Every structure is written in structure tokens, then in C-alpha cells.
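As C-alpha cells, the structure follows; a few thoughts come after it.
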Amino acid sequence: MIASSPELANELRKIVGHDHVLTENDLTAGYSVDWTGRFVGSTPIVVRPSNTEETASVVELLNRNSIPLVPQGGNTGLVGGSIPMSREVLLSLKRLNTLEPVDDLALQVTVGAGATLAQTQAHVRDHNFEIGVDLAARDSCTIGGMIATNAGGINVLRYGAMREQLIGVEAVMSDGTVIKHLEGLEKDNTGYHLPSLLAGSEGTLAIITKARLRLRPRLTEKVTALIAFESVHDAVAVSTRLRQKLPSLHALEAIFSSAMTLVSAHIGAQIPIGPNGKAWLLVEVASGTDPFEEFQQALQNCGDTILDVAVATDDRSRSKLWQFREQITEAIAVTGTPHKLDVTIGLSRLEKFIDEIPKVVKRADPNSLTYLFGHLGDGNVHVNVVGIDGSEPSNVVESAVLGYVASLGGSISAEHGIGIAKKSYLHLNRTSDELRFFRNIKKALDPNNIMHPNCMLSD
Ligand SMILES: Cc1cc2nc3c(=O)[nH]c(=O)nc-3n(C[C@H](O)[C@H](O)[C@H](O)COP(=O)(O)OP(=O)(O)OC[C@H]3O[C@@H](n4cnc5c(N)ncnc54)[C@H](O)[C@@H]3O)c2cc1C
């Protein structure tokens, strides 16, 4: 039995080599704070395996000694799930970044869990393919982390979330056993579907080491439009009409007024259209042939509720419009440490929610500011709350917002997961029977409770 951290570090060095076991505080500190700065933990050891075999040996060693671990990919998660909050060993998977040849016949690719989304996108783009999930953290987030959180992003309305892209996985189970099912057969009803279970498991059941992903055709013809509205009601109504009428619809994002004001100031621009608007839709259509006319026709059929539209067809102007959506997270981060509440609301209740939620937040913490934006095509609103002076808002805000979401029949986590931040609220969406079965699954796959034991499920 291993009795001390130095002894454990020595054993880990035998597996991954001297340079890939970090124990000095100044080297481990960067792995122990999350992207928002809200979750700060600590770890005695960061271990960085380079392949599946090393990962399996590390996990086997930790399991044999009942030592808990936290898996980490790009550390862009927004619910504290990638951070060792109870001095667990930090297992960094970024070196598992192999990119296997694109399978042009099957329209699939196998990649290592540590490959970033941007690396994977670049790898398949040469073959005229795209990955079905895209998000603003693409340069840092890893395929393994995206599967573990079942990441969503901007194209869910067309291709689904990460679970829908996943056709097979290789994973290290809690005892160090490697399970591999990467043949990529589209029809394969041979028992339980492990990839579905691991998608969204947030590192609590197994370590994903490789993934077989479906590829989507690269649609080079794109048109992007920013559309301003006087009311949330009008924006929601138009979003529904666009979803009905536009087969080439690729992204349908929403920005509400305080977020639009903040992001415009952050990127040093004026609000581009509808300066007094209440809501803006950022809409992108993509196709193999020019979708402009189809888009124009659909907008003309939306009635007279549109205040103003800015349309961009070339890459430069399209990315200028996207800045108003993709820079919001950064704009908020520079104002202070946000509490990020990522929720789904049924579209019939969205207008009420957008009107009410700043009041709900103010009642809980009068010294806070609320910024609202999100993936409207999926009813997904990001509620970001910061203290007026940049400090963290009161934790009461969290329970007030999530309680309100649950009262409207919404989900307390649309795409970021539960992590550390939301585990005490999981009961708002899941019955005690469901939670009992969740714990049974966890116990069956991880009897020693070493796989990220402080994440997602409360005791
Ligand atoms: C600017 C910005 C924009 C974002 N936009 C979106 C968005 O649009 N949609 C969205 O869904 N998310 C978004 N996110 C959140 C984040 O990028 C995603 O959750 C992403 O999937 C996390 O990937 P990661 O590699 O950084 O994982 P990490 O943050 O390192 O880890 C996330 C979770 O997965 C576990 N994990 C990581 N790797 C593995 C593995 N190989 N095996 C098992 N478990 C593992 C960790 O333990 C943790 O619980 C955004 C974040 C930022 C900073």
C-alpha cells in the first residue's frame, strides 16, 4: 500500500516518466483553478500520461491504493468539474492527442481524448468535413472533455450535442481495464451502449481515451445575419418560424440587452443595429449551394416584427457579427468572477423567464448584475451573474435562479453539466429514485469510488 504522496509520485514516474509527474505547487497551481477563477482547488500530484496504456496503468495504481482522481482535459468547463477541490490526484489527458486518418468511406474519424476541438476541426477540414459540435472554447477544449460534458454549442439544432457525434469510445475503467469499441458500425445493437452512458458522465464513471466521431459535410456557403427585435416575444416567434422554414439553418443564437451593451463596449464597437432593442438573434445558414435567397425569403415571411437586420456573406464580416456572440463570455469574465447558470426553458415560457430573471436575481442579491444570452434554437439561456463591484454574487442567487427554472419546468443544466457547482441542485430536476439509480451505476462501475468522487452526485 502506498503511504505518502512522494511514494505515489515515484510510482507514477515509473509509468509516465519523470517529466510528466508534477508535484511543485507553482507547476500544479495552473491545473487547480478553473477558467472563471471561481473554483480554486489544490492537488499533491498532476500526472500526464501520453497514451491509453499509461493511462490504464495510472488508474490501476490509484484504484489499487483507493486514491481518488480528477480527470482534466482543456480545463474550460464552467461548473468546476475539472478542478481537484478535495486534493485528488489530477489526471491531465491533454497528451492523448493523436489524430488518426480520416475515414472518407465511413465519414468518421478516431481521435485521442486530448485533441482539442480546433485541432480536430483542422484535421478533418482538409477532407471537406466538419465536427458536428462547435463552441467558442474550441482552441482549448478537448474531445474527451466535450464527451464527458456532452457539450452542446452553436450547431446543436442541426447536428445534436456531443452524444450524437459519438459512434464509439475507448475508455479506461476504474480498475484499469481498457474497453474499446471503435469499429464505427452505424447499426450495432449488441447490448448496452457505453458511449451514450459516458457522454455527460463528467469523469465519474471512466476515463475516455479515444473517440470515434461521425463527420458532417463541410458547408462552405454561409450567410450570417444579426436581427434586432423590440421584444423577446418577437425574437422567439421569428426563431420558431426560421426553424420551420429554413432547412439550411445552422446556428440560432440570442443576445439580450444587457449582454449586448456589455459585449459591444468590450470589443470597442457600437451596438450594430437596433440600439434600443430588447433582443437580437444571430442567425447562420450554411449549405453546399448559396443559401442567401432561401434566407432572404424566410426573413421576408417573418412579418413586420423585425426592427433591423445586418447581413454578412464574406468570412470577414461574418466573423465581425459573430464577435457580438462569442466575446460575451470573455466580456463578462473581465468584469468579475461570474456565477454561470446555464439553463433550458421551454420556448412558450422564455419571454416570461427573460423578463423575470433579472428581478429574481436582484431580490436574491441587490448588488448583482445579470447578463443573458444563449443558444435560442435549443431554448438554452446562459444566465451570468456578477457582483456590481466585480466580486462574486451571493450563493443565494444560484438557488433563486435554479429554483425558478425548475418551477417553470426547465433544466438546471442545459449543456455545461453539474460538476461541483450544481450538484446540490440536481434534485430539482431528478427524482430520488433516479438519483438512487445514478448512484447504483456509479457504484457498479467504480466500486472504490476513485473516479472524480466529489463531482455531480452528492452523498
Ligand atoms: C469561452 C467558452 C465558451 C464555451 N461555450 C460552450 C458552449 O457553447 N457549449 C458547451 O457545451 N460548453 C461550452 N463551454 C464549456 C466547455 O468548453 C465545455 O464544457 C467543454 O466540453 C469542456 O472541455 P474540456 O476539455 O475543457 O474539459 P474540462 O474542463 O477539462 O473537463 C470537463 C469535465 O470533463 C471531465 N473530463 C475531461 N476530460 C475527460 C476524459 N478524457 N475522460 C473523462 N472525463 C473527462 C472532467 O473531469 C470534468 O468533469 C464554453 C467554455 C468557455 C470557456
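If you count the sequence shown from 1, position 49 lands on 56 in the numbering used here, and the numbers rise without skipping.
Using N, Cα and C, we set each Cβ at its ideal position, and we do this for glycine too.
These numbers come from a predicted model, not from an experiment.
Given S89, which residues of its chain have a CB within under 6 Å of its CB, disregarding the five upstream and five downstream residues?
Q79 and N82
Would you mind giving the Cβ-Cβ distance between M463 and I425, rounded to the nearest angstrom? I have them listed as a contact below 8 Å.
4 Å
For a test of your reading of the model: does the CB of S147 fall under 7 Å from any non-hydrogen atom of ligand 1? Yes or no.
yes
A261 and A235: beta carbons closer than 8 Å?
no
Measuring CB to CB, does G139 end up less than 8 Å from E171?
yes
Give the single residue among V388, P224, G394 and V350 whose Cα lies nearest to the Cα of A113.
P224
Just list the beta strand (DSSP E) runs in the stretch 269-300, keeping only unbroken ones of 3 residues or longer that don't cross its boundaries, in chain order.
286-294
In the structure shown, what three-state DSSP assignment does I22 receive?
helix
Exposure of Q304, with buried meaning 16 or more beta-carbon neighbours within 10 Å
exposed
Once you ignore the five residues that flank W42 on each side, which residues in its own chain have a CB closer than 6 Å to its CB?
T83
Own chain, CB closer than 6 Å to S64, minus 5 neighbours either side, in chain order
I22
Buried or exposed by the 16-neighbour rule on C-beta atoms within 10 Å, applied to H389
buried
Mind reading off the beta-carbon distance from G343 to G416? Whole number of angstroms is fine, and I expect it under 8 Å.
31 Å between Cβ atoms; not a contact.
I'd like to check one pair, I361 with S375: are the Cβ atoms closer than 8 Å?
no
Span separating the alpha-carbon of G295 from that of S255:
9 Å
As assigned by DSSP and simplified to three states, the class of N387:
strand
For A261, which beta-bridge partners are listed by DSSP?
L288 and G381
P345: beta carbon under 7 Å from a heavy atom of ligand 1?
no
Endpoints, beta strand (DSSP E) assigned at S99:
V96 to S99
Between which two residues does the beta strand (DSSP E) holding E137 run?
F136 to I138
So G198 and Q115 are in contact, right, with Cβ under 8 Å, and what is the actual spacing, rounded?
Not quite, the Cβ-Cβ distance comes to about 21 Å (not below 8 Å), so this is no contact.
DSSP puts D110 in a beta bridge; with which residues?
Q115
3-residue-minimum beta strand (DSSP E) runs that sit fully inside the stretch 170-197, ordered along the chain:
173-179 and 185-188
Tell me the DSSP secondary structure of K429 in three-state form.
coil
Can you find a heavy atom of ligand 1 that lies under 7 Å from the Cβ of S89?
yes
Write down the C-beta distance between T59 and E177 rounded to the nearest angstrom, noting that I regard them as a contact closer than 8 Å.
6 Å
Measuring alpha carbon to alpha carbon, tell me which residue in D241, K217, D322 and E333 is nearest G310.
D241
Should H25 be labelled buried (16 or more other beta-carbon atoms within 10 Å of its own) or exposed?
exposed
Nearest to M169 by alpha carbon, out of L204, I9 and D195?
L204
Is the beta carbon of Y378 sitting closer than 8 Å to the one on A266?
yes
Report the partner residues of V53 according to the DSSP bridge assignment.
L29 and L97
Quick check: is any heavy atom of ligand 1 less than 7 Å from the C-beta of H423?
yes
Hey, is C462 close to ligand 1, as in C-beta under 7 Å from one of its heavy atoms?
yes
Closest to S49 by CA distance: which of D33, Y432 and H273 is it?
D33
Is L85 near ligand 1, going by C-beta to nearest heavy atom under 7 Å?
yes
Quick check on the DSSP output: the alpha helix (DSSP H) that includes P202 runs from which residue to which?
L201 to L205
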